[in-house]
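One structure is given below, encoded as structure tokens.
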Ligand code: TYD
Ligand code: MG
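Numbering (the UniProt record's numbering), first residue to last: 1 to 468.
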């Protein structure tokens, strides 16, 4: 019998290999993502290859000299903050983001800044024609820099071109990895195999020459780096560019970084003339604040090493539905349910007959549990119909027992709030490095119920029995 061909069926979303075609992928649960593919084609693959004798590699101890990774600093401070102090030479970076969010803009601006600093930069666009890229460069005032441009999608051609350059490039930008294809894979462009092998070839180029390669990857609505999820583990850093269409600002976040922290964010604002760096994001997120509305509380948050103040808005309204609505934008909805349960169990605040809407102002997303306290205060304030003091910040984690637990960096959070004109703070009892004051400006809360009393005063918050 003839030997079976090497064809397999590969999910284009997660890369799972199936033996036959099926409608739904077992790996990621996506529908219609499986296509016929040849995962073994190309470099290193194929059963036909004769086994070779390997060479002996030296083994060494963990203890020894360490060299600081050499970096190229882009001088776009918000970008350098996220990469951990600049792009590491010889590393491969994946920049993900939804289409239209500004990835090409960011990279063009970084390329221009690096080029001005004397670095040799190559920008390869697989999506746009040379004229289009030039148009953008002109808009960004990057057209007079020495950035070298090519519109090309074949990886071998790109690598040959790079190898032929007089001076080895310091940074190569590939926009985007989904448009690249390599001769070594015989599947259609855009398939997982093509993307993976193209990325492999480019990463190999980075490692062998010491040039940094930045690859753009498009992201699906769910936030997965579409197709190139398989690329995520191959690269040294994965950076995500986020934002929503209705707001002008964009957040750059490191999801993975072998050479730096992953908890830093970079904040930009999309302007007519490109991306502007926002050095003080709190001002931006608090910019449109209407004062004296019940249900608004300012959260003193932290993003990496940087404090960041955002407004949390809650609306609690009586409902006629059997199951009240809970809608959350910018925060974890299960965390909201937990706080509602704690308010009910330990503070006598019953929201069972109320719809609850929670919104983090400006489309920002909070991931810290320290926001619990601000959320609880916003909820209480909205339910009581009493506005919170406008010059007060809130932070602290709430435990299921109704006590308020300290969170790190209390001093830094307070300092940032003071810088922006806030005069008081509500924080967990036992927080470290809190400035000592004699006045009442800092309220250290131990139990959530104390705060309910402080905010609502004598007002009864259980509407269950005394519905109006
Ligand atoms: P782009 O960088 O092309 O996005 P991506 O590469 O992530 O797909 O930018 C897309 C949007 O940015 C586009 O809708 C127009 C807007 N934009 C500006 O507002 N100002 C500018 O200077 C530029 C270049 C783009
Ligand atoms: Mg683009």
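For each residue, glycine too, the CB sits at the ideal point set by N, CA and C. Bear in mind the structure is a predicted one, so any value in this text is a computation, not a measurement.
Buried versus exposed, by CB contacts within 10 Å (16 or more), residue i
i: residue 451; result: buried
i: residue 320; result: exposed
i: residue 297; result: buried
i: residue 271; result: exposed
i: residue 19; result: exposed
i: residue 42; result: Residue placement at residue 42 is flagged as unreliable, the pLDDT there being 49, under the threshold of 50; a coordinate-derived value is accordingly withheld.
i: residue 431; result: buried
i: residue 12; result: buried
i: residue 57; result: exposed
i: residue 61; result: exposed
i: residue 44; result: Since pLDDT at residue 44 reaches only 49, below the 50 mark, its modelled position is unreliable, and no value is offered.
i: residue 97; result: buried
i: residue 502; result: Outside the displayed span of the chain (1 to 468) sits residue 502, for which this structure offers no information.
i: residue 211; result: buried
i: residue 10; result: buried
i: residue 179; result: buried
i: residue 323; result: exposed
i: residue 273; result: exposed
i: residue 64; result: exposed
i: residue 413; result: buried
Unbroken beta strand (DSSP E) run spanning residue i, endpoints
i: residue 11; result: 8 to 11
i: residue 277; result: 274 to 277
i: residue 125; result: 121 to 125
i: residue 206; result: From DSSP, residue 206 is part of no beta strand (DSSP E) but of the alpha helix (DSSP H) over 192 to 209.
i: residue 344; result: Element bounds for residue 344: not the beta strand (DSSP E) but the alpha helix (DSSP H), 333 to 347.
i: residue 303; result: 296 to 303
i: residue 326; result: 326 to 329
i: residue 174; result: 171 to 175
i: residue 149; result: 148 to 151
i: residue 469; result: Nothing can be reported for residue 469: it is not among the residues displayed for the chain, which extend from 1 to 468.
i: residue 92; result: 92 to 97
Beta-carbon spacing of residue i, residue j below 7 Å
i: residue 476; j: residue 240; result: Nothing about residue 476 can be reported from this structure: the residues present for the chain run from 1 to 468 only.
i: residue 197; j: residue 185; result: yes
i: residue 84; j: residue 73; result: no
i: residue 173; j: residue 107; result: yes
i: residue 360; j: residue 312; result: yes
i: residue 158; j: residue 215; result: no
i: residue 304; j: residue 264; result: yes
i: residue 111; j: residue 121; result: yes
i: residue 489; j: residue 455; result: Residue 489 lies beyond the range of the chain shown here (1 to 468); nothing can be said about it.
i: residue 115; j: residue 145; result: yes
i: residue 417; j: residue 301; result: no
i: residue 22; j: residue 275; result: no
i: residue 396; j: residue 365; result: no
i: residue 411; j: residue 433; result: yes
i: residue 170; j: residue 119; result: yes
i: residue 316; j: residue 354; result: yes
i: residue 137; j: residue 143; result: yes
i: residue 294; j: residue 386; result: yes
i: residue 358; j: residue 349; result: no
i: residue 94; j: residue 278; result: no
i: residue 203; j: residue 314; result: no
i: residue 79; j: residue 266; result: yes
i: residue 71; j: residue 88; result: yes
i: residue 192; j: residue 29; result: no
i: residue 362; j: residue 285; result: yes
N-terminal and C-terminal residue of the alpha helix (DSSP H) that residue i is part of
i: residue 306; result: Here residue 306 belongs to no alpha helix (DSSP H); instead the beta strand (DSSP E) covers 306 to 318.
i: residue 217; result: That residue, residue 217, is in no alpha helix (DSSP H); its beta strand (DSSP E) goes 212 to 218.
i: residue 157; result: 155 to 164
i: residue 20; result: Counting along the chain, residue 20 falls outside any alpha helix (DSSP H), and DSSP gives it neither H nor E.
i: residue 106; result: 103 to 116
i: residue 80; result: 77 to 83
i: residue 131; result: 130 to 139
Chain B contact for residue i (CB, 7 Å cutoff)
i: residue 213; result: Absent from the structure: chain B. Only one protein chain is present.
Handout entry: Sequence-ordered residues whose beta carbon comes within less than 6 Å of a heavy atom of the ligand TYD
Key = After applying the 6 Å Cβ criterion, the set is 97, 99, 100, 101, 102, 103, 104, 105, 136, 139, 140, 270, 272, 273 and 274.
Practice task
Kindly provide the ranges of any alpha helix (DSSP H) runs that are 4 or more residues long and lie completely inside the UniProt region "Lon-protease-like" (355 to 468), ordered along the chain.
Solution key: If only uninterrupted alpha helix (DSSP H) runs of at least 4 residues are considered, those enclosed by the UniProt region "Lon-protease-like" (355 to 468) are 372 to 384, 410 to 419 and 448 to 456.
Problem - Those runs of the alpha helix (DSSP H) which lie wholly inside the region 230 to 285 and span at least 4 residues - result: You should have found no qualifying run.
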